[in-house]
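**Q**
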Amino acid sequence: MISIVGCRKTHRGDGRQPPVPVLDGVDLEVRPHEFVAVLGPSGCGKTTLLRILAGLEGWDSGEVRVHGRPVSGPGTDRALVFQDFALLPWATVTDNIAFGLELRGVARAERTAVANRLIDRVGLNGFARHYPHQLSGGMQQRVGLARALAVEPEILLLDEPFGSLDSLTRRGLQEDVLRLHHETRKTVLLVTHSVDEAARLGDRVVLLGPRPARVIETIETGLPRPRPDDIGSDRRFVALKEHLWNRLKALTSR
Ligand SMILES: Nc1ncnc2c1ncn2[C@@H]1O[C@H](COP(=O)(O)OP(=O)(O)O)[C@@H](O)[C@H]1O
Ligand SMILES: [Mg+2]
11 MISIVGCRKT HRGDGRQPPV PVLDGVDLEV RPHEFVAVLG PSGCGKTTLL
61 RILAGLEGWD SGEVRVHGRP VSGPGTDRAL VFQDFALLPW ATVTDNIAFG
111 LELRGVARAE RTAVANRLID RVGLNGFARH YPHQLSGGMQ QRVGLARALA
161 VEPEILLLDE PFGSLDSLTR RGLQEDVLRL HHETRKTVLL VTHSVDEAAR
211 LGDRVVLLGP RPARVIETIE TGLPRPRPDD IGSDRRFVAL KEHLWNRLKA
261 LTSR
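Heads up: the sequence shown begins at 11 in this note's numbering, then just goes up one per residue.
Below you can see the structure in the form of structure tokens.
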């Protein structure tokens, strides 16, 4: 489904800034319906990798394919959820969710119907006419999720989507995303610098080294689906986190 082989990328300098090598031959395969968590230290190149997959920027060498076809731009088979929500401040919840559909020329009545269904799905009933600034961070990110789901992508790309939320809200949204994955069987690629989040959500955890990133290790978590509520006390979960912590610490202290 997603196949990245030897992907390299250097952000060009602009004369004052020197070039920044970010991806140093990244290899990554994601199977249909899989939930893969890519874990790496801040600044290692995670957002760059997702933006390449989303078709928002290019790469220098290697292969980046979705369904066997090289990525050549954005497509409705993939939707990206941003860390900072990136909502339109002047648009209501409904219009934010329907934005991608509007771009595709879907008629208003159908857009509204889709938005209403998603408002229900992400638990924002009663907030259809609210504006982003009237919502909490957690609610804004629910809008971000709903907006991504509106175009019915097969692949959800999540860029540290819960990073700026308080821990309680974050945990709630993580559970929602797990449920969503379970119910819709979408393919999910989530990047995070949180060991706990990667272990909690992923079928597989792909560990990236510091910039320029490459894959250091790939671990099948082997944890049950659906994840039980008390996964935090599961011995395998605790051991996995310990392992990931130690690897990250060793990688970033050199
Ligand atoms: N457009 C850009 N031009 C130059 N440097 C960039 C650009 N985007 C990101 N970088 C740099 O590339 C590195 C990796 O960035 P990023 O992919 O955002 O990492 P992460 O998401 O893992 O924190 C950082 O050092 C960042 O400053
Ligand atoms: Mg990032």
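For every residue, glycine included, the Cβ atom is placed at its ideal position computed from N, Cα and C.
Since the structure is predicted, the reported quantities are computational estimates derived from the model, not experimental observations.
Quick one: what does DSSP say ASP130 is sitting in, helix, strand or coil?
**A** Counting from one through the sequence shown, the residue named residue 130 turns up at place 120. If DSSP states are grouped into helix, strand and coil, ASP130 belongs with the helices.
**Q** Leaving aside the five residues before and after ILE98 along the sequence, list all residues of the same chain whose C-beta is less than 8 Å from its C-beta, in chain order.
**A** For the purposes of this step, residue 98 is identified with residue 88 of the sequence shown, where counting begins at 1. The sequence shown places Leu at residue 98, rather than the Ile named in the question. Cβ within range, chain order: ASP105, ASN106, PHE109 and PRO142.
**Q** Let me check understanding here. Comparing Cα to Cα, which of PHE92, HIS43 and ARG41 lies closest to LEU66?
**A** Numbered from 1 along the sequence shown, position 56 holds the residue referred to as residue 66. The option with the nearest alpha carbon to LEU66 is PHE92.
**Q** What span of residues does the alpha helix (DSSP H) with LEU190 cover, start to end?
**A** Position 180 of the sequence shown, counting from 1, holds the residue named residue 190. That run of the alpha helix (DSSP H) goes 177-194.
**Q** Is ASP240 helix, strand or coil when you go by DSSP?
**A** Stepping through the sequence shown from its first residue, residue 240 is reached at position 230. Here ASP240 sits in coil by DSSP.
**Q** For GLY110 and chain C, any beta-carbon pair shorter than 7 Å?
**A** The structure shown contains no chain C, having only a single protein chain.
**Q** What number of angstroms, rounded off, separates the C-alpha of LEU60 from the C-alpha of SER243?
**A** Along the sequence shown, one-based indexing puts residue 60 at 50. Along the sequence shown, one-based indexing puts residue 243 at 233. Computed Cα separation, rounded: 31 Å.
**Q** For the candidate residues ALA223, HIS203, VAL201 and LEU166, whose alpha-carbon lies nearest to that of ARG195?
**A** Indexing the sequence shown from 1 puts residue 195 at position 185. Of ALA223, HIS203, VAL201 and LEU166, the residue nearest in Cα terms is LEU166.
**Q** Can you have a look at LYS19 and say buried or exposed, based on whether 16 or more other CB atoms are within 10 angstroms of its CB?
**A** By one-based count along the sequence shown, residue 19 stands at place 9. So LYS19 ends up on the buried side.
**Q** Between THR57 and ligand 2, is the CB less than 6 Å from at least one heavy atom?
**A** If you number the sequence shown from 1, residue 57 lands on position 47. Within the cutoff, so yes.
**Q** Let's test the definition: count the other Cβ atoms within 10 Å of the Cβ of PRO171 and tell me whether it reaches 16, buried, or not, exposed.
**A** Counted from its first residue, the sequence shown places residue 171 at position 161. PRO171 is buried by the Cβ-count criterion.
**Q** Rounded to the nearest angstrom, what separates GLU73 and GLU44 at their Cα positions?
**A** Your numbering for residue 73 matches position 63 in the sequence shown. Your numbering for residue 44 matches position 34 in the sequence shown. Going by the C-alpha atoms only, they are around 20 Å apart.
**Q** Would the beta-carbon of CYS54 be found less than 6 Å away from any heavy atom of ligand 1?
**A** Counting from 1 along the sequence shown, the entry for residue 54 is found at position 44. Yes, ligand 1 has a heavy atom inside 6 Å of this Cβ.
**Q** Evaluate contact between the region 45-60 and the region 212-226, counting only Cβ atoms and requiring at least three cross-stretch pairs below 8 Å.
**A** Result yes; three or more Cβ-Cβ pairs closer than 8 Å.
**Q** For LEU38, tell me which candidate among ARG22, PRO29, VAL216 and GLN144 has the shortest Cα-Cα distance.
**A** The residue given as residue 38 occupies position 28 in the sequence shown. When only C-alpha atoms are compared, the closest one is VAL216.
**Q** Helix, strand or coil for ILE79 per DSSP?
**A** Along the sequence shown, one-based indexing puts residue 79 at 69. Looking at the sequence itself, residue 79 is Arg, so the reference to Ile does not match. If DSSP states are grouped into helix, strand and coil, ARG79 belongs with the strands.
**Q** What is the DSSP secondary structure of HIS253, reduced to helix, strand or coil?
**A** For the purposes of this step, residue 253 is taken as residue 243 along the sequence shown, with counting starting at 1. Looking at HIS253 - three-state DSSP - the assignment turns out to be helix.
**Q** Does PRO142 come out as helix, strand or coil in the three-state DSSP assignment?
**A** Within the sequence shown, the letter at position 132 stands for residue 142. PRO142 falls in the helix class under three-state DSSP.
**Q** Do you know offhand how far ARG189's Cα is from ARG210's?
**A** Along the sequence shown, one-based indexing puts residue 189 at 179. Along the sequence shown, one-based indexing puts residue 210 at 200. Approximately 13 Å, taken between the alpha carbons.
**Q** Restricting to Cα atoms, I'd like to know which of ARG41, PRO42 and CYS17 is closest to PRO31.
**A** For the purposes of this step, residue 31 is taken as residue 21 along the sequence shown, with counting starting at 1. Looking at the Cα atoms, CYS17 is the closest of the given residues.
**Q** State buried or exposed for HIS191, treating a residue as buried only when at least 16 other CB atoms are found within 10 Å of its CB.
**A** Counted from its first residue, the sequence shown places residue 191 at position 181. Buried, since its Cβ has 16 or more Cβ neighbours within 10 Å.
**Q** Less than 6 Å separating the Cβ of VAL205 from some heavy atom of ligand 1?
**A** Within the sequence shown, numbered from 1, the residue matching residue 205 stands at position 195. No, the beta carbon of VAL205 sits no closer than 6 Å to any heavy atom of ligand 1.
**Q** To the nearest whole angstrom, what separates the beta carbons of ARG152 and VAL132, a pair I think is in contact under 8 Å?
**A** As a position in the sequence shown, residue 152 is number 142, starting the count at 1. As a position in the sequence shown, residue 132 is number 122, starting the count at 1. Rounded, the Cβ-Cβ distance is 4 Å, consistent with contact.
**Q** Taking 8 Å as the cut-off, does the region 232-250 touch the region 80-88 (at least 3 CB pairs, one atom from each stretch)?
**A** The region 80-88 is not in contact with the region 232-250.
**Q** With GLY154 as the anchor, note down where its alpha helix (DSSP H) starts and where it stops.
**A** Translated into the one-based positions of the sequence shown, residue 154 becomes position 144. Where GLY154 is concerned, the enclosing alpha helix (DSSP H) stretches over 147-160.
**Q** When you measure from the CB of HIS43 to every non-hydrogen atom of ligand 1, does any distance come out below 6 Å?
**A** Position 33 of the sequence shown, counted from the start, is the residue given in the question as residue 43. No, Cβ of HIS43 sits at least 6 Å from all heavy atoms of ligand 1.
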